[in-house]
Amino acid sequence: AEGRASRCSSSSPNTSLTLPGSCSAREALASGAARAVVAVAQLSLGKSQGGGQRPQRENTVRTIAMDGTEGLVRGQKVLDSGAPIRIPVGPETLGRIMNVIGEPIDERGPITTKQFAAIHAEAPEFVEMSVEQEILVTGIKVVDLLAPYAKGGKIGLFGGAGVGKTVLIMELINNVAKAHGGYSVFAGVGERTREGNDLYHEMIESGVINLKDATSKVALVYGQMNEPPGARARVALTGLTVAEYFRDQEGQDVLLFIDNIFRFTQAGSEVSALLGRIPSAVGYQPTLATDMGTMQERITTTRKGSITSVQAIYVPADDLTDPAPATTFAHLDATTVLSRAIAELGIYPAVDPLDSTSRIMDPNIVGPEHYDVARGVQKILQDYKSLQDIIAILGMDELSEEDKLTVARARKIQRFLSQPFQVAEVFTGHMGKLVPLKETIKGFKQILAGEYDHLPEQAFYMVGPIEEAVAKAEKLAEEHA
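Position 414, counted from 1, in the sequence shown is what the working numbering calls 415; the numbers after and before it change by one each time, with no gaps.
This is the structure in structure tokens:
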């Protein structure tokens, strides 16, 4: 079908066209050699309606622009694509950066693939889903022990600037590729273009993206904060579609990173206002929960594979009751909180062991041994935290022998929660470690039992499994001898 642009605005042009019987959902506006893609948002198929808005003639659709609309004019020819926005998927997308409509934006030529998929899709049927709860072992001690990720789960990543979010994300991409043979997809939603560029170059330096051969482990999809709201509201779906291909066609355990999920909601609110919908609480769109649910329900485990999603969450004005973060929390299975206080101690990853939580931290899922060790670690760290005021005012000498032992073990545990990352080898000089879950549980269990009370706490800093701490202690003893 073909039509004409009847009204042009920066983010939501109107188009008059005779719609085909199926009411095809997405349109492309052609402008000479360049094209501007717009997506149908509202149809007006009946008679003209007033209703407080400008009347729309029948056979008029209101669209949302996926790119800048400079150069669009009234009366310009509009072509109906006859289908939703379709993007390239498959292994050819690895190591590449594309935008919301699947166009490469890394200046490395077209993405050569025969596979394409529509960005709008239904969530998997109930019968296709896997009912088993299973841990996705990341090889990162603090995550696997205290706030484990579920396969097909959704994890909220909280952290301010400079506490190590990017390095943690890169290590997760690296470890999932090495331990599970799985790929990752990174969706940059409404964040800074500079950060997206930095991430790309850091991934090249750390080997997560390889420009020389086809061994890249991640596909990047960017719709940054300079894009119109239509692009920012859909780019998460583009990233999700790339991840769904790896899950459904290649049977992989895929990691999907969304940075930042708040910007997805924010863009939805801007689009909603452009379409003239009545806002709900705090000015958000009335369809907030539906928009979020439609996207989040596609992130799940099926019988073929899984998509595990790590979502960075910006909390506006630190208000956890704001509708945007509050709606996101309803979907999360785990939270990983990065703490500046821990980063200042030089302990990386700076995951807060007392604030981070996981729904699968349950003895029926992780097993009684894992559960007991994790709770024991949290208890001793909490006891140490409550003793810190006394230590600061009166000093260690005023503590009872039992409390001194608690403090000594807690400080060893705190340091043993640190770990050298493979992607950070260039900064730290330490060789990166991927620690199996059994080794992690064994190490912390032995520290809690007092088997290593005789070792200095420096021995536990920036090591992998417990055997390395013992070897480091022997080395330290030799140096001091």
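For each residue, glycine too, the CB sits at the ideal point set by N, CA and C.
On a predicted model such as this, the values are computed, not experimentally measured, just so you know.
- Contact between Leu212 and Gly284 does not hold, since their C-beta atoms are separated by about 43 Å, which reaches or exceeds 8 Å.
- The Cβ atoms of Ile65 and Ser7 lie no closer than 8 Å to each other.
- Looking at the DSSP output, Asp254 shares a beta bridge with Ser307.
- Residue state for Ile174 is assigned as helix, using DSSP reduced to three classes.
- When DSSP states are grouped into helix, strand and coil, Phe159 belongs to the strand group.
- Of Pro230, Ile156, Ala244, Lys476, the smallest CA-CA separation from Ala119 is found for Ala244.
- Pairwise C-beta distances place the region 465-474 in contact with the region 443-453, as three or more of them are shorter than 8 Å.
- From the listed residues Asn15, Leu395, Ala393, the smallest Cα separation to Asn60 is found for Asn15.
- Glu3: member of the beta strand (DSSP E) spanning 3-8, first to last residue.
- Burial state of Ile174 is buried, judged by a 10 Å Cβ sphere holding 16 or more other Cβ atoms.
- DSSP places Arg63 inside the beta strand (DSSP E), whose first and last residues are 61-66.
- With a 10 Å radius around the Cβ and a threshold of 16 neighbouring Cβ atoms, Arg75 comes out exposed.
- Taking each of Gln116, Lys152, Pro350 in turn and checking the Cα distance to Ser131, the smallest one comes out for Lys152.
- Thr309 sits buried, since 16 or more C-beta atoms from the chains shown fall within 10 Å of its C-beta.
- In the three-state DSSP reduction, Met362 falls in the coil class, being neither helix nor strand.
- Separation of Glu192 and Val471 (C-alpha to C-alpha, rounded to the nearest whole angstrom) is 43 Å.
- Inter-residue distance for Ala124 and Thr295 is about 8 Å (C-alpha atoms, whole angstroms).
- When DSSP states are grouped into helix, strand and coil, Gly465 belongs to the coil group.
- Under the DSSP assignment, Ile88 falls outside any alpha helix (DSSP H), being part of the beta strand (DSSP E) whose first and last residues are 87-89.
- Inter-segment contact for the region 182-197 and the region 216-229 is present: three or more beta-carbon pairs are separated by less than 8 Å.
- For the options Leu241, Met171, Gly306, the alpha carbon positioned closest to that of Gln253 is the one of Gly306.
- Rounded to whole angstroms, the Cβ separation of Leu256 and Val311 is 7 Å, and the two are in contact under 8 Å.
- By the Cβ-count criterion, Phe330 is exposed, with fewer than 16 other Cβ atoms from all chains shown falling within 10 Å of its own Cβ.
- Nearest C-alpha to Thr114 among Tyr246, Asp356, Asp363, Arg264: Tyr246.
- Between Leu276 and Arg63, the C-beta spacing is below 8 Å.
- For the pair Pro350 and Gln415, the CB atoms are not nearer than the 8 Å cut-off.
- Non-local beta-carbon contacts of Ala425 in its own chain, meaning distances under 6 Å to residues more than five positions away in sequence, involve Val168 in chain order.
- CA-to-CA, the gap between Ile112 and Glu93 works out to about 6 Å.
- Sixteen is the threshold: since fewer than 16 other Cβ atoms of the shown chains lie within 10 Å of the Cβ of Glu479, the residue is exposed.
- A distance of 8 Å or more separates the beta carbons of Val374 and Leu438.
- Look at Met296 here: in three-state DSSP terms it is helix.
- Taking a C-beta distance under 8 Å as the contact criterion, Ala335 and Ile141 do not qualify as a contact pair.
- By alpha-carbon distance to Ser185, the top candidate from Glu203, Leu221, Thr291, Leu158 is Leu221.
- Residues of the same chain with a CB within less than 8 Å of the CB of Thr358, apart from the 5 flanking positions on each side, are Ala148, Ala335, Thr336 in chain order.
- Between the alpha carbons of Thr239 and Phe461 lies a distance of about 43 Å.
- Assigned with DSSP and collapsed to three states, Val378 falls in helix.
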